[in-house]
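Here the structure comes first, spelled out in structure tokens, and everything after it is commentary.
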Amino acid sequence: MSAAWLTARNLKSGWPTLAIMIGASVWGVIWFPLRTLASFGLTGTAAGAATSAAACLFVLLLRRRSISTVRWHWVLPLLGLAAGVTNIGFVWGAIHGEVMRVLLLFYLTPAWTAIFAHFILHERLTWSGAALAGLSLAGAVLMLWSPRLGVPLPGSAAEWAGLAGGMGFAMSNVLVVKTSRVLPRI
Numbered sequence: 001m002s003a004a005w006l007t008a009r010n011l012k013s014g015w016p017t018l019a020i021m022i023g024a025s026v027w028g029v030i031w032f033p034l035r036t037l038a039s040f041g042l043t044g045t046a047a048g049a050a051t052s053a054a055a056c057l058f059v060l061l062l063r064r065r066s067i068s069t070v071r072w073h074w075v076l077p078l079l080g081l082a083a084g085v086t087n088i089g090f091v092w093g094a095i096h097g098e099v100m101r102v103l104l105l106f107y108l109t110p111a112w113t114a115i116f117a118h119f120i121l122h123e124r125l126t127w128s129g130a131a132l133a134g135l136s137l138a139g140a141v142l143m144l145w146s147p148r149l150g151v152p153l154p155g156s157a158a159e160w161a162g163l164a165g166g167m168g169f170a171m172s173n174v175l176v177v178k179t180s181r182v183l184p185r186i
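Letter by letter, the sequence shown follows residues 1 to 186 of full-length UniProt numbering.
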């Protein structure tokens, strides 16, 4: 990484990308502690609420002055809703379903992100982007197909929850970028 890239402008513009990368990493490993907590009787919803409350408290304590500078915009409640769908869909699906299948459906996020970015951010969906989205969906069909189940669709409520969570995560990713564009001081 060159020193020229590490300017204040580039670091500021990299925050949405960093947030998305950290979020994707967390979703990739969080299923294990959630399943452990579920084995102790703590429901996924309660665990998700507790971790969200801890994160909110952390932000309130460390960034309380910054919160007063946030301006209202219609994107903010949509971002909260998308993040909530992501959390509930992933947590419930990972606890109650076959983890590999739930994660596969959750991580179709790039395909949904390309589609959502086209309509919400007005980004051009290139042929290569469309092909990549199609390839990821075809890979999921191939991995999910089973002679016993027939049609390669999600086969349980947990798998549908994982798919909804992945779509919520894609929407969250797009709305993080939208938020950074409409509210650049956040």
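Heads up, the beta-carbon is just placed ideally off N, CA and C, and yes, glycines get one too.
Exercise. For phenylalanine 90, which of Trp127, Phe106, Ala133 and Phe119 has the nearest alpha-carbon?
Worked result: Phe106
Problem set entry | Continuous alpha helix (DSSP H) stretch holding valine 85: start and end | 75-96
For this session: Taking 7 Å as the cut-off, decide whether the C-beta atoms of residue 187 and glycine 97 are in contact.
Result: This structure cannot speak to residue 187, because the chain is shown only from 1 to 186.
Problem set entry | Residue from Gly14, Leu18, Trp15 and Ala24 whose Cα sits closest to the Cα of proline 110 | Ala24
For this session: Over the uninterrupted alpha helix (DSSP H) stretch that includes valine 102, give me the two end residues.
Result: 99-106
For this session: Output the distance between the C-alpha atoms of glycine 28 and methionine 21, rounded to the nearest integer angstrom.
Result: 11 Å
Problem set entry | Per-residue DSSP class, three states only, for threonine 126 | coil
Exercise. Taking the alpha helix (DSSP H) that isoleucine 20 falls in, what are its first and last residues?
Worked result: 15-29
For this session: Output yes or no for whether 7 Å exceeds the beta carbon distance between valine 141 and proline 154.
Result: no
For this session: Kindly confirm or deny that the stretch 70-78 and the stretch 173-183 touch, where touching means at least three C-beta pairs closer than 8 Å.
Result: yes
Exercise. Going straight from the alpha carbon of isoleucine 88 to that of alanine 131, what length do you get?
Worked result: 30 Å
For this session: Determine the contact status of alanine 31 and valine 85, defining contact as a CB-CB distance below 7 Å.
Result: In the sequence as presented, alanine is not what sits at residue 31; that position holds tryptophan. No; because the gap between Cβ atoms is not below 7 Å, this pair is not in contact.
For this session: Measure the alpha-carbon distance for phenylalanine 169 versus alanine 117 and round it to whole angstroms.
Result: 12 Å
For this session: Give every residue of the same chain whose Cβ lies closer than 7 Å to the Cβ of alanine 164, excluding the five residues on either side of it in the sequence, and list them in chain order.
Result: Val85 and Gly89
Problem set entry | Where leucine 42 falls: helix, strand or coil (DSSP) | coil
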